[in-house]
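Protein chains in written order, with our numbering: chain A, 1 to 286; chain B, 1001 to 1286; chain C, 2001 to 2286; chain D, 3001 to 3286. Heads up, the beta-carbon is just placed ideally off N, CA and C, and yes, glycines get one too.
Protein chains: 4
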Amino acid sequence: MAQAAIITVKCQSRPGIIAAFSQAVVECDGDIKDINQFNDRMQDRYFMRMACTVRPEHMSLLSRRLESVAGRLGAYHHLRERQRPVRTLIMTSRFDHCLNDLLYRWRNGELPMMQPVGVVSNHPLSVACSRVHLGDIPFHHLPVTEDGRAEREEALRGIMEESGAELLVLARYMQVFSDRFVRDVEGRCINIHRSFLPGFRGQEPYRQASLRGVKLIGATAHYVTADLDEGPIIEQDIEPITHSDTIEDLVRKGRDIERRVLARAVRYHLDGRVFLNDDRTVVFPD
Amino acid sequence: MAQAAIITVKCQSRPGIIAAFSQAVVECDGDIKDINQFNDRMQDRYFMRMACTVRPEHMSLLSRRLESVAGRLGAYHHLRERQRPVRTLIMTSRFDHCLNDLLYRWRNGELPMMQPVGVVSNHPLSVACSRVHLGDIPFHHLPVTEDGRAEREEALRGIMEESGAELLVLARYMQVFSDRFVRDVEGRCINIHRSFLPGFRGQEPYRQASLRGVKLIGATAHYVTADLDEGPIIEQDIEPITHSDTIEDLVRKGRDIERRVLARAVRYHLDGRVFLNDDRTVVFPD
Amino acid sequence: MAQAAIITVKCQSRPGIIAAFSQAVVECDGDIKDINQFNDRMQDRYFMRMACTVRPEHMSLLSRRLESVAGRLGAYHHLRERQRPVRTLIMTSRFDHCLNDLLYRWRNGELPMMQPVGVVSNHPLSVACSRVHLGDIPFHHLPVTEDGRAEREEALRGIMEESGAELLVLARYMQVFSDRFVRDVEGRCINIHRSFLPGFRGQEPYRQASLRGVKLIGATAHYVTADLDEGPIIEQDIEPITHSDTIEDLVRKGRDIERRVLARAVRYHLDGRVFLNDDRTVVFPD
Amino acid sequence: MAQAAIITVKCQSRPGIIAAFSQAVVECDGDIKDINQFNDRMQDRYFMRMACTVRPEHMSLLSRRLESVAGRLGAYHHLRERQRPVRTLIMTSRFDHCLNDLLYRWRNGELPMMQPVGVVSNHPLSVACSRVHLGDIPFHHLPVTEDGRAEREEALRGIMEESGAELLVLARYMQVFSDRFVRDVEGRCINIHRSFLPGFRGQEPYRQASLRGVKLIGATAHYVTADLDEGPIIEQDIEPITHSDTIEDLVRKGRDIERRVLARAVRYHLDGRVFLNDDRTVVFPD
Chain A
1 MAQAAIITVK CQSRPGIIAA FSQAVVECDG DIKDINQFND RMQDRYFMRM
51 ACTVRPEHMS LLSRRLESVA GRLGAYHHLR ERQRPVRTLI MTSRFDHCLN
101 DLLYRWRNGE LPMMQPVGVV SNHPLSVACS RVHLGDIPFH HLPVTEDGRA
151 EREEALRGIM EESGAELLVL ARYMQVFSDR FVRDVEGRCI NIHRSFLPGF
201 RGQEPYRQAS LRGVKLIGAT AHYVTADLDE GPIIEQDIEP ITHSDTIEDL
251 VRKGRDIERR VLARAVRYHL DGRVFLNDDR TVVFPD
Chain B
1001 MAQAAIITVK CQSRPGIIAA FSQAVVECDG DIKDINQFND RMQDRYFMRM
1051 ACTVRPEHMS LLSRRLESVA GRLGAYHHLR ERQRPVRTLI MTSRFDHCLN
1101 DLLYRWRNGE LPMMQPVGVV SNHPLSVACS RVHLGDIPFH HLPVTEDGRA
1151 EREEALRGIM EESGAELLVL ARYMQVFSDR FVRDVEGRCI NIHRSFLPGF
1201 RGQEPYRQAS LRGVKLIGAT AHYVTADLDE GPIIEQDIEP ITHSDTIEDL
1251 VRKGRDIERR VLARAVRYHL DGRVFLNDDR TVVFPD
Chain C
2001 MAQAAIITVK CQSRPGIIAA FSQAVVECDG DIKDINQFND RMQDRYFMRM
2051 ACTVRPEHMS LLSRRLESVA GRLGAYHHLR ERQRPVRTLI MTSRFDHCLN
2101 DLLYRWRNGE LPMMQPVGVV SNHPLSVACS RVHLGDIPFH HLPVTEDGRA
2151 EREEALRGIM EESGAELLVL ARYMQVFSDR FVRDVEGRCI NIHRSFLPGF
2201 RGQEPYRQAS LRGVKLIGAT AHYVTADLDE GPIIEQDIEP ITHSDTIEDL
2251 VRKGRDIERR VLARAVRYHL DGRVFLNDDR TVVFPD
Chain D
3001 MAQAAIITVK CQSRPGIIAA FSQAVVECDG DIKDINQFND RMQDRYFMRM
3051 ACTVRPEHMS LLSRRLESVA GRLGAYHHLR ERQRPVRTLI MTSRFDHCLN
3101 DLLYRWRNGE LPMMQPVGVV SNHPLSVACS RVHLGDIPFH HLPVTEDGRA
3151 EREEALRGIM EESGAELLVL ARYMQVFSDR FVRDVEGRCI NIHRSFLPGF
3201 RGQEPYRQAS LRGVKLIGAT AHYVTADLDE GPIIEQDIEP ITHSDTIEDL
3251 VRKGRDIERR VLARAVRYHL DGRVFLNDDR TVVFPD
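Structure follows, in structure tokens:
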């Protein structure tokens, strides 16, 4: 039975990259299922994603061949086996619609690459997950205390280490991290922001939207960076609103946008479809 | 043959407004076709639009009855006869897709309430309308000269007066008006901005969008105010973009958004569907 | 404290309906919050929805006044008090995403007019609700047996009567009812169909869509009628697909469409926004 | 100055196709700009599109290398030079919004791969193009006469031959072709149908939509086949409608959908993004 793998490559632009990597897969008797590439001429940077299958006994040969090609081309590359899901820690505060949505999709088989290894909140279980069924997923309460951020982040690092978390999903987690923490999780911490950034940065975006009188509201999933609400955008979507929508209506409509935008962003990330490109992203569609 | 009319009302919130105005129409043997209302509780302000038909010989009676009801309720009201289209002056610079779209829709019967009385540009005809067939519509060239804004606005006022223009549509007109001029055309000058405001105010919004790495671009039609790009929003729309879209691609995709957003805004305005509500609008859907 | 109510009216087209009903509300010291109307000229039929508040002590006066106005105009009318939610029975088979979504929205306060009084399935609890937390909501198993439809419908009628169900929501319930049963629940039984009807009626719409090579898939919420997949449509939506989507992909994307289309249709119905108009509907937007 | 080219490949599924073709481009000192592929496992069929640049002096070498690779792999392939636009004949009847839109986009530089070589209509110029500026584009009037289809098609073949037309775009052309003619233009005759097929096949789709009470209308661009309204779909889109939309409203809203769907389909076709796959298509996004 062939085994599915995803090869991602990032390097300086130069001819022959696809030819070399696809040659490597073919030499291992592999079968290329899907290939996406993007050549960023402005940054002189090249991105490629290759989905393939190989027989299990050829996986380590493939790994060595890719290593050799990447070395020759000066490329950064990654080989991910589809059968090994990504250990994911989900953080939330009091609004559980994104958490609920992610867990439902996971239980329904829509996020096969996600393995939830814990839920973290600054509120106790009864508040953070009042409408969510966690099942066996461990819950961690990290209460917010004055001047306690350093300790809280230390505790969070402990949870990440213990659970082996590779991805951090901020599913409406309302606390700000230190710059140092953010740097340490660069490219593997996804947040959902309640506006079509760069419109309505900061607090209470729906109130801002209502005051400004816009005719659409949105949500933005982005990697977290030290610069708040400025991280590389992975996915955005919007819905129309009208003058008669109250802020409560916007919050309600917003929940639908937030949960689908975050779910898509997490799915793309887990599928190896998202690449950091300085403060932007390359996202290959599925 | 009955005659179509649109009654718009704006007043302080109070009970009985619909009852009173619909009573007036019924007493003139009129037939109410459509009614929309919005009660802005925050501003204590009420908006209503009533589309009706009356027999021509009852039109002046209707006018007097509405006058009387409005006086009694302390309401601002307007009675517009559908058979009298709105004299509209369109301004453009070098990009003619919005102008072309408006004129095509007008010729096609989609904008029966619009009567184009002229096209104004800061470029000569051959530049401003290279792909547009003006037909009988008069063209006016108002070249931009250093320190010449006052004179240019004077000339524009002259054109508006002579043509009897009631509405000014800025169809990608790239010059800024003086505060005084803007105040004088408040609520009857519509601009199309090339972004989903408040994102990407100011110059080169598509370049900004490309640099920020957003996953959607948009356009915004708004009434022009002294505060640039801050006028009351009438209509907005967006389209998805990807990392591989160049600025040229964004400009191309943007043209489609701009023309449909402007056409909708103009149509809503002409149909009496748009009300100013301080720095926001009330827009009744069609 | 004023009490919210919804007045719905359906009658032959004639002038003065809004005036009369709004007069009735004003005379009871009521406050009209929202009003929608539609005059179907082809059918000579008039539809109106009025949302208002009245003081509790005036509610019975309002009821009598409406009765009197309706009698005078020959109108069918209904007065619904917002504080009394609609008793709703949800039916499902094995796919629980719509059920899960409805219950989450209900717990989250998005469907305040819905009171779930039971869940019915042709499968046992462990199959029908494997990912759904029912809480206190009673579950009823109505297994499908050969030639057992009459008995099953008898049992269902029993459950409806006992639970006082006023609305039946088929949240991916895969069994067909008898004509007689369908007639008895006319206008209060909502189904979700997995296609943009009338495209792909019948079985396996996603397989049909894949074979036909369409570029979008959709879902349709409609009232159930004897004529399968031909009932009056309440709400529809679509999403784009591509040549590379497998049937499994369509099913996954379809789940998102199905759940939001059904949730909207149920919300509109509960808010008194949906009127039957022969084999079509009138739906006033929220 | 490098020259842009598009290589399209269609063959039986087998490993090594991308590797072989990209190797060929690299050996000619070419630069791969973009690559898309699709492996249809069900049909055991493989599709690839490669956009590249090569120096003019290497173009014929590239052509030979591709020939050789294609021969070795048993692949059908095509090399199209971007600097040579596709000779396109546009047919219309009385509704000119699609024709007008295509010509505006062409003049605006949005369809650089299209070279309009003529417009054909069953109506005279004054009727077919009353709102369209043809400029230098030749117009041909092919009036419909009883039993005259054979002659009309003969004349059309003459026009195609004389103008060297490679693509036929039916921009709301309301006449039906013979099976023989359709077979002869297979894969190079695009039609726009006024519904989201397979819903509302045949005549008067907007009337059908209104009668059925659907909540969205759409348009479908497809290759023409002998089986009317059953040709392989290239692009579809929809817009929401409501109960209050008259058939005239649907026609108006439909025009916007029709023109953007047809423009996209033509653009995709000209860019080598569309492949026939029996009675479906493979369309690589731009």
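What three-state label does DSSP hand Lys3253/D in the structure shown? Start at 1 with the first residue of the fourth sequence, and residue 3253/D comes out as number 253. Helix, per DSSP.
Taking CB distances under 8 Å as the criterion, tell me whether Thr3008/D reaches chain C. Along the fourth sequence, read from residue 1 onward, the residue named residue 3008/D stands at position 8. It does not: the Cβ of Thr3008/D has no partner Cβ on chain C nearer than 8 Å.
Taking the alpha-carbon of Arg3212/D as reference, which of Thr3225/D, Ser3195/D, His3222/D and Asp3227/D has the nearest alpha-carbon? As a first step, residue 3212/D is located in the fourth sequence; it is residue number 212 there, counting from the start. It is Ser3195/D whose Cα lies nearest to the Cα of Arg3212/D.
Rounded to whole angstroms, what's the CA-CA distance from Asn1036/B to Cys1189/B? Just pull it up for me. The residue you call residue 1036/B lines up with position 36 of the second sequence. The residue you call residue 1189/B lines up with position 189 of the second sequence. Each residue's Cα considered, the two are about 24 Å apart.
If you draw a straight line from the C-alpha of Ile3032/D to the C-alpha of His3058/D, how long is it? One-based indexing of the fourth sequence puts residue 3032/D at position 32. One-based indexing of the fourth sequence puts residue 3058/D at position 58. Those two C-alpha atoms are separated by around 14 Å.
Between which two residues does the beta strand (DSSP E) containing Ile1018/B stretch? Counting from one through the second sequence, the residue named residue 1018/B turns up at place 18. It is not in any beta strand (DSSP E) - Ile1018/B instead sits in the alpha helix (DSSP H) that spans Ile1017 to Glu1027.
Quick check: the stretch 2164-2184 of chain C against the stretch 2197-2211 of chain C, are at least 3 beta-carbon pairs closer than 8 Å? no
Expressed to the nearest angstrom, what Euclidean distance is found between the alpha-carbon atoms of Arg1084/B and Arg1107/B? To locate residue 1084/B, count along the second sequence from 1; it is residue 84. To locate residue 1107/B, count along the second sequence from 1; it is residue 107. Rounded to whole angstroms, Arg1084/B to Arg1107/B spans 16 Å at the Cα level.
Ordered along the chain, which non-local residues of its own chain (more than five positions away) have a Cβ less than 8 Å from that of Asp1249/B? Residue mapping note: residue 1249/B aligns to position 249 of the second sequence, counting from 1. Correct list, in chain order: Ile1241.
Cutting at 7 Å between CB atoms, please list the residues of its own chain near Phe2095/C, excluding the five before and the five after it. For the purposes of this step, residue 2095/C is identified with residue 95 of the third sequence, where counting begins at 1. If we look at Phe2095/C and ignore the five residues flanking it on each side, its Cβ neighbours are Arg2172.
So, is Ser3091/D buried or exposed, given that buried needs 16 or more other C-beta atoms within 10 angstroms? Against the fourth sequence, residue 3091/D aligns to sequence position 91. Residue 3091/D is actually Met in this sequence, not Ser. Met3091/D should be labelled buried.
Which value, in whole angstroms, describes the spacing of the CA atoms of Pro1112/B and Ala5/A? The residue given as residue 1112/B occupies position 112 in the second sequence. The residue given as residue 5/A occupies position 5 in the first sequence. So the alpha carbons of these two residues sit roughly 59 Å apart.
Is the stretch 1152-1163 of chain B close to the stretch 1127-1136 of chain B, with three or more CB pairs under 8 Å? no
What's the C-alpha gap between Ser93/A and Pro2116/C? In the first sequence, the residue the question calls residue 93/A occupies position 93. In the third sequence, the residue the question calls residue 2116/C occupies position 116. Distance between the alpha carbons of Ser93/A and Pro2116/C is about 28 Å.
Segment contact flag, the stretch 1056-1070 of chain B with the stretch 1041-1048 of chain B, C-beta cutoff 8 Å, min 3 pairs: no
CB Gly3030/D to CB Cys3052/D, shorter than 8 Å? On the fourth sequence, residue 3030/D is found 30 positions in, with the first residue counted as 1. On the fourth sequence, residue 3052/D is found 52 positions in, with the first residue counted as 1. The answer is yes: Cβ separation under 8 Å.
Limits of the alpha helix (DSSP H) - the one that Asp101/A falls within: To locate residue 101/A, count along the first sequence from 1; it is residue 101. From DSSP, the alpha helix (DSSP H) with Asp101/A extends over His97 to Arg107.
What runs of the alpha helix (DSSP H), each 4 residues or longer, lie entirely inside the stretch 1112-1171 of chain B? 1125-1128 and 1149-1163
For Phe1047/B, which of His1123/B, Arg1255/B and Leu1073/B has the nearest alpha-carbon? Numbered from its first residue, the second sequence carries residue 1047/B at position 47. Checking every option, the nearest Cα to that of Phe1047/B belongs to Leu1073/B.
When the Cα atoms are used, what is the spatial distance from Ala221/A to Leu270/A? Numbered from 1 along the first sequence, position 221 holds the residue referred to as residue 221/A. Numbered from 1 along the first sequence, position 270 holds the residue referred to as residue 270/A. Cα to Cα, the separation comes out at about 14 Å.
Please check if any C-beta of chain D sits within less than 8 Å of the C-beta of Arg18/A. Indexing the first sequence from 1 puts residue 18/A at position 18. A small correction: the amino acid at residue 18/A is Ile; Arg does not occupy that position in the sequence shown. Ile18/A counts as touching chain D.
Euclidean distance between Cα positions of Gln12/A and Ala1209/B: In the first sequence, counting from the first residue as 1, residue 12/A sits at position 12. In the second sequence, counting from the first residue as 1, residue 1209/B sits at position 209. One C-alpha to the other measures close to 24 Å.
Do Ile3137/D and Val3119/D have their C-beta atoms closer together than 8 Å? On the fourth sequence, position 137 is the one that residue 3137/D refers to. On the fourth sequence, position 119 is the one that residue 3119/D refers to. Yes. Within cutoff.
Rounded to whole angstroms, what's the CA-CA distance from Gly2158/C to Arg2152/C? Just pull it up for me. Taking the third sequence and counting its residues from 1, the one referred to as residue 2158/C is at position 158. Taking the third sequence and counting its residues from 1, the one referred to as residue 2152/C is at position 152. Their Cα atoms are separated by approximately 10 Å.
With a 10 Å radius around its C-beta and 16 neighbouring C-beta atoms as the bar for buried, classify Ser126/A as buried or exposed. As a working mapping, residue 126/A is identified with position 126 in the first sequence. Classification for Ser126/A: exposed.
Since I believe Ile1192/B is in contact with Gly968/B (beta carbons under 8 Å), could you give me their beta-carbon distance rounded to a whole number of angstroms? The question about residue 968/B has no answer, for chain B in this structure spans 1001 to 1286.
Using a threshold of 8 Å, state whether the C-beta atoms of Glu2110/C and Arg252/A are closer than that. Here residue 2110/C refers to the residue found at position 110 of the third sequence. Here residue 252/A refers to the residue found at position 252 of the first sequence. Yes, Cβ-Cβ distance for Glu2110/C and Arg252/A is below 8 Å.
Are any of the Cβ atoms in chain C nearer than 8 Å to that of Thr3281/D? Counting from 1 along the fourth sequence, the entry for residue 3281/D is found at position 281. Interface residue, yes.
Going by DSSP, what residue range makes up the alpha helix (DSSP H) through Arg3315/D? Summary: the structure shown does not reach residue 3315/D, with chain D confined to residues 3001 through 3286, and so no result is reported for it.
Looking at the C-beta of His1123/B, does it have a partner C-beta in chain D at a distance below 8 Å? Taking the first residue of the second sequence as 1, we reach residue 1123/B at position 123. His1123/B does not count as touching chain D.
Where does Tyr2173/C sit, in a helix, a strand or coil, going by DSSP? One-based indexing of the third sequence puts residue 2173/C at position 173. Coil, per DSSP.
Beta-bridge pairing of Ile2238/C - partner residues as DSSP gives them: Here residue 2238/C refers to the residue found at position 238 when the third sequence is read from its first residue. Answer is Gly2218/C, bridged to Ile2238/C.
Mind checking if Asn100/A is an interface residue toward chain C, Cβ cutoff 8 Å exclusive? Residue mapping note: residue 100/A aligns to position 100 of the first sequence, counting from 1. Yes, Asn100/A counts as interfacial toward chain C.
Nearest neighbour of His2078/C, chosen from Pro2143/C, Ala2155/C, Val2274/C and Glu2027/C [CA to CA]: Looking up residue 2078/C in the third sequence gives position 78. Considering only alpha carbons, the answer is Val2274/C.
Check whether the Cβ atoms of Val1054/B and Ala1024/B lie closer than 8 Å to each other. Sequence index remark: in the second sequence, residue 1054/B carries index 54 (1-based). Sequence index remark: in the second sequence, residue 1024/B carries index 24 (1-based). No, Cβ-Cβ distance for Val1054/B and Ala1024/B is not below 8 Å.
Simplified DSSP assignment, three categories, for Leu1197/B: Looking up residue 1197/B in the second sequence gives position 197. In this structure, Leu1197/B counts as coil in the three-state DSSP scheme.
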